[in-house]
Structures are given as structure tokens and as C-alpha cells.
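Report on the structure given below.
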Amino acid sequence: METMLESLAAPWPWYVAGPLIGLVVPILLLVGGKVFGISANLRHMCAALPAPEGLKPSFLRYDWKKSGGWNLFFIAGVALGGFLAVTFLGMPDAGQSISEATRSDLAALGIQDFSGLVPAELFTWSSLFTPAGFVVIVMGGFLVGFGARYAGGCTSGHAISGLADLQLPSLVAVLGFFAGGLLVTFGILPLLLG
Amino acid sequence: MKTTRDSTRKGAAVDQGPPDFECLDTEQVSPDTQAKARAEGNRPLALLGYLLLGAYLGVVFVQAEVVSWFRIQEMFRFQSFHMYGIIGTAVAVAALSVQVIKRMEVKTIHGEPIRLSPKDWGDSRIPGARYWIGGTLFGMGWALLGACPGPIFALLGAGITVLLVALASALAGTWAYAALRTRLPH
Chain D
3 METMLESLAA
13 PWPWYVAGPL
23 IGLVVPILLL
33 VGGKVFGISA
43 NLRHMCAALP
53 APEGLKPSFL
63 RYDWKKSGGW
73 NLFFIAGVAL
83 GGFLAVTFLG
93 MPDAGQSISE
103 ATRSDLAALG
113 IQDFSGLVPA
123 ELFTWSSLFT
133 PAGFVVIVMG
143 GFLVGFGARY
153 AGGCTSGHAI
163 SGLADLQLPS
173 LVAVLGFFAG
183 GLLVTFGILP
193 LLLG
Chain W
527 MKTTRDSTRK
537 GAAVDQGPPD
547 FECLDTEQVS
557 PDTQAKARAE
567 GNRPLALLGY
577 LLLGAYLGVV
587 FVQAEVVSWF
597 RIQEMFRFQS
607 FHMYGIIGTA
617 VAVAALSVQV
627 IKRMEVKTIH
637 GEPIRLSPKD
647 WGDSRIPGAR
657 YWIGGTLFGM
667 GWALLGACPG
677 PIFALLGAGI
687 TVLLVALASA
697 LAGTWAYAAL
707 RTRLPH
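Protein chains in written order, with this note's numbering: chain D, 3 to 196; chain W, 527 to 712.
Here it is in C-alpha cells:
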């Protein structure tokens, strides 16, 4: 048992994790004709929020239980999986397993804590009151929600489901993901953290 | 053997403005079996199945460190193959499966013919505006937060509670899009 758990310790190599993630696409299709697309849940959650009808944009007025029930259960499962993973397999030290080059680049930007999945400098409740923590969490979250719905999908919907069906619009969206990511990584983060 | 596609499938949304079919019409089955597929998907046992499949994905997300801000930085700095290998092999496995499903005209376990609807290019004067503008904004958020929507939930489950604020912000962003969408190029 001990060795089995050890062999499941993070980080799982890409050639194991990638196919395991890719399999979700055919499983969802075969089980119920569903498409792997996680950000739709953000819309279902907005639709579920109690708000006076007049204040709710028509985009958010639909039967979210009927359309999104399965997906909301799916995403609750993702959270459950996160809990099970850290409880039974331990919190991965991603900051230690990343490349030396990334660690030194991030250290130059002032990141010091390389334990766990996320840097403690940015991802604690008190960091919300620092400019960097606020921008990363609040602005980052806002752009993820806005951009995913505007683009009609996120990493799962476009980069995985869309590319798997050879959809050109999804390729454009994925190129956009990278353009935005590079802009932030090389243009904004140095100003924000440096 | 060519699989037919439904050229236009509008969602159940009632509003005017840009086409909207990506989230509400999640059943990718022939139109006549859509209502049946939806009803089957909302049965308690099916919902339990989706919960378990999500849990499987959440475990993979955490153990492969896909949910890590550090890994996303490493990816955008092109300093490791890890994330590229994951996304690349995920797409390869998914693409191969989708091709098999289409060519062999595979049906769902309940017998509905699977029909994938293509993405809509939109009708704005700026070609594909929603994909590259929306995609770029999403990418900025992804690099800042180091998490896309799935990982937000996996990190919450992993006990990093401040992600609740990121989730609330993402909902605010979704709401803002909903309020502005008729005025945005698509």
C-alpha cells in the first residue's frame, strides 16, 4: 500500500496525465452526448443566482438546472477530486518540481515560497490587500470569467474539445489564450511583482 | 463515409444578438433525441456518474500539477514540456476518439446518434472577433490567476480557500459579459 501510494505521488508525468484528461471527452460523449466544457458552469452559476428578473441579462435567464445540472455535478466532482488528492496523496510541491529556470525567474520577481501548488505570497486572504495579490486573484478571476464566455469556451471547451474536433475557431481562441498569457507573463507580471 | 453535421443549431436562449449555442445545447446528439438525452442526463444515477467523473479529473488535475500557478508560469515561459505534453496528448487522445466516434457513427450508451455541432464563426465585421479578443482576455486571466475554470474548483477542493474570491470574480466577469454581449463584436 505504501509503495502504491508513493508511486501515485505528484507530479504525474505528462504522458500519463494528458491521455487521462483526453479520455474525458469520449466518455462524456458516449455516456450522454455531453461536451467537455467547464466554463459553462460559471454561466449556470450566474443563472442560478437569485436576482430580480429585471436585473438579470437575458443571457442568464434559462433553466439552468435542466441545461447545466450534469455539468454542475461534474464540477462539484472536480472540487471533490481536489480534496481527495491532497487528503490521500498529499499536497504536490509544484514549486519544487518546476524547472530551475522558472524558479530563478520567479525568484527574481520576488517569489520566495516555492512550496505547494501556488505561491503563498499571492494566494492567501491577506494577500488580497496587496496590489499584486488583488490583481492576480480579483482581476485574474474576472478576466477568466469574462474572456471564457466571450470566447465561448475555456481550456477544456476550446483547447481540448474544440481542437479535438479540428475546429478552426477553437484554434484561433487558443492562439488568443497564448497571446494574452505571454502579454501578462512578460509585460504585466514584471511590473506587478518586480 | 461522411458524418453529417447540423449546420446551425441555435441554443435555447431567448435573447437577440450574437449566436449562443455553446453552453445550453450541450447534448451533441441528433436533434430528435436531444430531449431524451437531456432527461437521461438529469437522472440521479447519471448525476452521480458525472460527479465521479469530475472527481477523477480533479485528482488528475492536482497530481499532474495542472492546477499550479507555478506550472502555468513555467508553460508561458516555455521552460518545460510538461504542460505542452499534457495538453498535446489530451488533444491527441480526444481527437482520435472523436474521429472514431464520427466515422463509426457511434451512438451514446442510450442509443442516441452523436452529432457534434461546429463552432460558429460569428457574423461581425471583424472576423472571428469573439475568439481572438475573448481568447486573449481569457489568456491574460489564465496567466495572472494561474488557473482556468476547472483548476479554480480543484484548488478550492484542495483547501486553498482564497480561490473563493477568484470564483466570485469569475462569476462577476461572466455576468459582465452577459450584460455587455449585445454591444461586443462576435
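For each residue, glycine too, the CB sits at the ideal point set by N, CA and C.
Please read these numbers as outputs of a predicted model, since none were measured by experiment.
Below 8 Å, how does it come out for the region 34-52 of chain D and the region 159-168 of chain D: are there three or more Cβ pairs, yes or no? They touch, by the three-pair rule.
Just confirm the distance between the C-beta atoms of alanine 153/D and tyrosine 657/W, as a whole number of angstroms; I'd bet it's less than 8 Å. At roughly 6 Å, the Cβ-Cβ gap stays under 8 Å, so alanine 153/D and tyrosine 657/W are in contact.
Can you find a C-beta in chain D that's less than 8 Å from the C-beta of aspartate 532/W? The predicted position of aspartate 532/W is uncertain, since its pLDDT is 39 and thus under 50; no value can be drawn from it.
Using a Cβ-Cβ distance under 8 Å, would alanine 81/D count as near chain W? Answer yes: the Cβ-Cβ gap between alanine 81/D and chain W drops below 8 Å somewhere.
Pick from Asp558/W, Leu578/W, Pro557/W: whose alpha carbon is nearest that of valine 33/D? Of the candidates Asp558/W, Leu578/W, Pro557/W, the one whose C-alpha sits nearest the C-alpha of valine 33/D is Leu578/W.
Taking the DSSP output, what are the residues bridged to isoleucine 659/W? In DSSP, isoleucine 659/W forms no bridge with anything.
C-beta atoms of tryptophan 1/D and alanine 572/W nearer than 8 Å: An answer regarding residue 1/D cannot be provided, because it is not within the stretch 3 to 196 covered by chain D.
Backbone secondary structure at proline 639/W - three-state DSSP: Strand at proline 639/W.
Alpha-carbon spacing of serine 172/D relative to leucine 663/W, whole angstroms: About 15 Å.
Beta bridge counterpart(s) of valine 37/D as assigned by DSSP: DSSP lists no bridge partner for valine 37/D.
Which same chain residues, not among the five before or five after glycine 648/W, have their C-beta less than 6 Å away from its C-beta? Take glycine 648/W, set aside five residues on each side of it, and the residues of its chain with a beta-carbon closer than 6 Å to its own are Arg656, His712, in chain order.
Using only the heavy atoms of the ligand NAD, determine whether one of them is closer than 7 Å to the beta carbon of leucine 31/D. As for the ligand NAD, it is missing from this structure, which has no ligand bound.
DSSP on lysine 562/W, reduced to helix/strand/coil? Helix at lysine 562/W.
Looking at the C-beta of methionine 630/W, does it have a partner C-beta in chain D at a distance below 8 Å? No, methionine 630/W lies away from the interface with chain D (no Cβ there is under 8 Å from its Cβ).
Examine chain D for any beta-carbon lying closer than 8 Å to the beta-carbon of glycine 637/W, and answer yes or no. No, glycine 637/W lies away from the interface with chain D (no Cβ there is under 8 Å from its Cβ).
For the alpha helix (DSSP H) containing glutamate 102/D, list its first residue and its last residue. Residue range 102-110 is occupied by the alpha helix (DSSP H) that includes glutamate 102/D.
Just mark glutamate 553/W as buried or exposed, buried being the case when its beta carbon has 16 or more other beta carbons within 10 Å. Classification of glutamate 553/W: buried, given that the 10 Å Cβ count is 16 or more.
Between glycine 56/D and chain W, is the shortest Cβ-Cβ distance under 8 Å, so that the two count as touching? Closer than 8 Å: no.
Using DSSP bridges, identify the partner residues of lysine 633/W. BP columns for lysine 633/W point to Pro639/W.
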